[in-house]
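In the UniProt record's numbering, the protein residues as written are 1 to 617. Don't be surprised by glycine CBs; every beta carbon is placed ideally from N, CA and C. Contents: one structure, followed by commentary.
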Amino acid sequence: MYTLVSFGIGSNVTFLEHYQSQNVTIDLMSRCGHQVKQIKLGRLKMPGVVIFKRRWRIGSDDFVFPALIEFFLRLIWFVVVLVLFLKHLDHLRCSGERLLHTYLILSLAGLGFILLLDALIAWISSRGTVTQTRPRRHLCKILYLRLLVMIMEAVWNGIGTKWAFTPTDHLCEPKEVVTLVQVIAVCSWIVLGIMILGIMLVFDPVGSYRNNGSGHRVADVERGEPQALYINLNRNPEKAKKIWEWQIRLFCCCCNQDEQSRNAYSDISKLLTYWFEDVDVVPSDIAAGLILLQQKQTTENGNRVSTSQHSENFSVQSPDSLTSTGAVQGSIISSPGVFTPPANQFWMTPELACHFMKFAQGSYGWPLFLFTNMFTGMCQIWKHMRCCACCCKPPSYIVDDNCCECHTAALKLVTGLSDEDLIFVSFHNRVYEIPFFVAIDHQTCSVVVSIRGTLSLSDTLTDMSADCDKLFTDGCSQGVFCHRGMLRAAFFVKNKLEESHALSDAFALHQSYSLAITGHSLGAGTAALLAVLLRPIYPNLRCYSFSPLGGLMSLEGVKYAEDFIMSVVLGDDLVPRLSVPNVEDLKRKLLNCISDCEQPKVISFSLLHLVFCIVQF
1 MYTLVSFGIG SNVTFLEHYQ SQNVTIDLMS RCGHQVKQIK LGRLKMPGVV IFKRRWRIGS
61 DDFVFPALIE FFLRLIWFVV VLVLFLKHLD HLRCSGERLL HTYLILSLAG LGFILLLDAL
121 IAWISSRGTV TQTRPRRHLC KILYLRLLVM IMEAVWNGIG TKWAFTPTDH LCEPKEVVTL
181 VQVIAVCSWI VLGIMILGIM LVFDPVGSYR NNGSGHRVAD VERGEPQALY INLNRNPEKA
241 KKIWEWQIRL FCCCCNQDEQ SRNAYSDISK LLTYWFEDVD VVPSDIAAGL ILLQQKQTTE
301 NGNRVSTSQH SENFSVQSPD SLTSTGAVQG SIISSPGVFT PPANQFWMTP ELACHFMKFA
361 QGSYGWPLFL FTNMFTGMCQ IWKHMRCCAC CCKPPSYIVD DNCCECHTAA LKLVTGLSDE
421 DLIFVSFHNR VYEIPFFVAI DHQTCSVVVS IRGTLSLSDT LTDMSADCDK LFTDGCSQGV
481 FCHRGMLRAA FFVKNKLEES HALSDAFALH QSYSLAITGH SLGAGTAALL AVLLRPIYPN
541 LRCYSFSPLG GLMSLEGVKY AEDFIMSVVL GDDLVPRLSV PNVEDLKRKL LNCISDCEQP
601 KVISFSLLHL VFCIVQF
């Protein structure tokens with residue numbers, strides 16, 4: 001699979017429109033622009049199980065595999081205890097061993113009853129489909145009984161633990177019996193701990209059904225009545241947002257907790273609340289829906305033209321072939337060997353794009369270099385490292401590299417640059433603050449600004465800050481809606497360039513050179529927005545944007561940028577197709593697949609389906 005090159009940010013629409021015609025809905029715009037038609041979903045409900053007047057993050061059809069796993073573990077456990085009991089029955093009848101004798105008998109009875117409950121839970125949970133919950137309406141009663149048995153098991157196991165680990169209580173039983181009882185007691189606590197952890201994981205903090213205003217009784221929901229599929233939880237959006245924000249903070253506890261990070265947490269929690277506010281699905285529903293949707297798309301698009309059929313050709317489309325609405329005039333696939341760059345845009349060539357790709361790749365530093373050179377990478381990077389950098393002061397143009405300057409060493413290896421060619425290198429990385437470097441490229445007579453893509457958790461938070469801010473520039477008097485995280489990252493790079501005087505110093509040395517900006521993924525979107533910001537100062541700049549985010553800017557910005565930004569998309573790359581409307585469309589299709597599925601979820605998760613998905617991936 002080779003690089004597919006399209007001219008200008010607007011050309012992304014050309015490429016993506018091709019896939020629209022192949023039943024793959026794509027949209028470049030962010031939900032911020034007024035040009036985007038929002039997709040509003042109906043309140044389709046696949047309710048999670050409701051116990052103790054709370055909705056939990058697990059469906060009534062999610063207990064098949066957990067119940068079967070516990071069944072087989074308990075069966076082995078039952079056999080071991082039974083063999084122990086029968087083998088040492090005579091010793092257990094000695095005076096003073098009534099407690100152990102009673103403990104083992106009741107343990108066998110409890111294990112037998114748990115085996116019966118597990119089999120019953122697995123059978124009931126396997127009935128019906130994802131949306132047909134009525135065949136599983138009695139599951140909640142069994143779960144109440146199972147919870148009661150778990151509490152009794154914990155109490156009884158406490159008694160057994162006390163006997164097993166109290167030497168004075170051991171009178172005439174063999175040491176083998178004591179050891180086995182100790183093992184059984186420890187295993188019991190481990191199983192109970194796993195079950196309690198599972199209960200905590202499926203707990204939904206906003207799942208209360210009190211004052212839900214739905215008009216349906218909780219008893220109807222627990223029985224799996226049909227109307228329960230469409231009940232309105234009437235959740236408090238503000239409470240849901242706070243819960244999401246708390247969970248994100250917990251997950252990102254290792255990140256900086258400064259004001260920018262807190263703002264990112266707030267933005268992401270708003271976005272997640274927006275995505276999940278109108279659906280009532282559990283994680284397994286989403287996983288099953290993705291499997292079904294992947295199978296459906298593979299079947300429907302089995303005969304469509306894939307990029308692998310054109311792996312020897314660059315696919316090129318000029319902005320001139322776009323209509324005012326972004327529709328395609330003819331095929332976007334160029335004839336083999338035919339390439340005609342747009343008028344006055346001689347720099348928009350596959351050869352130059354490949355040349356500047358190495359700068360975008362070099363910005364990732366040593367992690368990507370060692371990943372792409374697993375066996376020889378360390379040997380190559382070793383001679384460029386500075387092992388004494390931790391003792392000596394690093395060069396003034398290198399900021400926040402590690403003690404051996406591994407990032408800079410990898411950068412020079414990938415790009416072929418020398419120390420004299422590096423003007424400014426920053427590996428400073430926080431939320432909205434991403435690494436970049438400025439270098440001189442004598443081969444193309446360019447001053448290159450290369451911006452790194454996503455490589456850390458802070459970068460992921462920047463990616464997910466998908467709300468929009470408005471950017472006003474000379475070319476767009478009405479303003480352009482842009483991806484908030486990448487716009488703030490672009491302003492950070494711009495401010496650093498001004499503070500360090502990197503561009504002015506570079507052009508002072510090479511006045512005839514032109515400015516080239518490049519980046520990949522997160523760096524591609526940031527590079528495109530940085531190009532828009534610097535365009536009034538450097539009118540001859542050009543930008544090579546590799547796999548930019550789909551929802552990067554609104555249509556006005558696309559039209560303004562098509563003369564100086566070239567987007568490069570690799571085949572079926574996911575990132576150029578990411579936008580809020582596309583996620584909404586994915587959600588709608590996923591829910592449709594779930595509602596149309598006429599087989600139990602356990603079938604959707606069968607080994608055959610999982611292998612199919614892995615092979616297709």
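Nearest-angstrom Cα separation, counted from residue j out to residue i
{"i": "LEU411", "j": "LEU290", "result": "38 Å"}
{"i": "VAL493", "j": "GLN478", "result": "24 Å"}
{"i": "PHE424", "j": "GLN511", "result": "17 Å"}
{"i": "THR372", "j": "SER579", "result": "29 Å"}
{"i": "PHE436", "j": "THR454", "result": "12 Å"}
{"i": "PRO205", "j": "SER266", "result": "18 Å"}
{"i": "LEU201", "j": "PRO66", "result": "14 Å"}
{"i": "SER188", "j": "TRP123", "result": "24 Å"}
{"i": "PHE63", "j": "GLY551", "result": "38 Å"}
{"i": "VAL576", "j": "VAL569", "result": "It is Pro, not Val, that sits at residue 576 in the sequence shown. Looking at the two C-alpha atoms, the distance is approximately 7 Å."}
{"i": "GLY160", "j": "PRO174", "result": "16 Å"}
{"i": "LEU509", "j": "HIS442", "result": "12 Å"}
{"i": "CYS252", "j": "SER107", "result": "43 Å"}
{"i": "ILE190", "j": "GLN182", "result": "12 Å"}
{"i": "LEU368", "j": "MET374", "result": "10 Å"}
{"i": "ARG488", "j": "THR526", "result": "9 Å"}
{"i": "GLN260", "j": "SER456", "result": "16 Å"}
{"i": "VAL558", "j": "ARG55", "result": "44 Å"}
{"i": "CYS476", "j": "GLU562", "result": "13 Å"}
{"i": "ASP401", "j": "ARG262", "result": "25 Å"}
CB contact flag (residue i, residue j, <7 Å)
{"i": "ARG134", "j": "ARG127", "result": "no"}
{"i": "GLN361", "j": "VAL414", "result": "yes"}
{"i": "LEU555", "j": "ALA490", "result": "no"}
{"i": "THR462", "j": "TYR432", "result": "yes"}
{"i": "HIS407", "j": "TRP382", "result": "no"}
{"i": "LEU515", "j": "LEU541", "result": "yes"}
{"i": "LEU353", "j": "MET385", "result": "Sequence inspection shows Ala at residue 353; the Leu mentioned does not correspond to that position. No."}
{"i": "ARG74", "j": "ILE121", "result": "no"}
{"i": "VAL480", "j": "MET378", "result": "no"}
{"i": "ARG430", "j": "SER465", "result": "no"}
{"i": "TYR397", "j": "VAL447", "result": "no"}
{"i": "ILE248", "j": "ILE268", "result": "yes"}
{"i": "CYS543", "j": "ILE517", "result": "yes"}
{"i": "LEU139", "j": "SER60", "result": "yes"}
Local conformation of residue i per DSSP, three classes
{"i": "VAL50", "result": "strand"}
{"i": "GLN599", "result": "coil"}
{"i": "ASP267", "result": "helix"}
{"i": "CYS140", "result": "helix"}
{"i": "residue 623", "result": "Since the first residue shown for the chain is 1 and the last is 617, residue 623 is missing from the structure and cannot be characterised."}
{"i": "VAL568", "result": "strand"}
{"i": "ILE190", "result": "helix"}
{"i": "ILE69", "result": "helix"}
{"i": "ILE537", "result": "coil"}
{"i": "MET150", "result": "helix"}
{"i": "MET553", "result": "strand"}
Identity of the residues DSSP links to residue i by a beta bridge
{"i": "ARG542", "result": "ALA516"}
{"i": "ASP563", "result": "ASP563 is not bridged to any residue."}
{"i": "SER426", "result": "VAL399, PHE436"}
{"i": "LYS470", "result": "PHE481"}
{"i": "ASP441", "result": "SER446"}
{"i": "MET464", "result": "None; MET464 has no bridge partner."}
{"i": "ARG55", "result": "VAL50"}
{"i": "CYS476", "result": "THR473"}
Nearest to residue i (by Cα), restricted to the options the options
{"i": "GLN294", "options": "GLU598, LEU586, SER269, TRP123", "result": "LEU586"}
{"i": "residue 689", "options": "ARG577, TRP163, ILE196", "result": "Examination of residue 689 is not possible in this model, given that the chain is present from 1 through 617 alone."}
{"i": "VAL449", "options": "SER363, PHE481, GLY551, LEU104", "result": "SER363"}
{"i": "PRO548", "options": "SER521, ALA561, ASN540", "result": "SER521"}
{"i": "LEU145", "options": "ALA287, LYS87, LEU116, LEU292", "result": "LEU116"}
{"i": "ILE565", "options": "ALA528, GLU584, VAL583, CYS593", "result": "ALA528"}
{"i": "PHE546", "options": "PRO350, ILE51, PHE165", "result": "PRO350"}
{"i": "GLN132", "options": "HIS88, VAL49, ILE190", "result": "VAL49"}
{"i": "PRO600", "options": "TRP275, LEU82, SER125, THR526", "result": "SER125"}
{"i": "ALA502", "options": "PRO536, LEU422, PHE427", "result": "LEU422"}
{"i": "CYS445", "options": "ARG484, ALA531, TRP347, GLN260", "result": "TRP347"}
{"i": "VAL177", "options": "ILE151, LYS87, ILE142", "result": "LYS87"}
{"i": "GLY523", "options": "ASP505, GLY485, PRO536", "result": "GLY485"}
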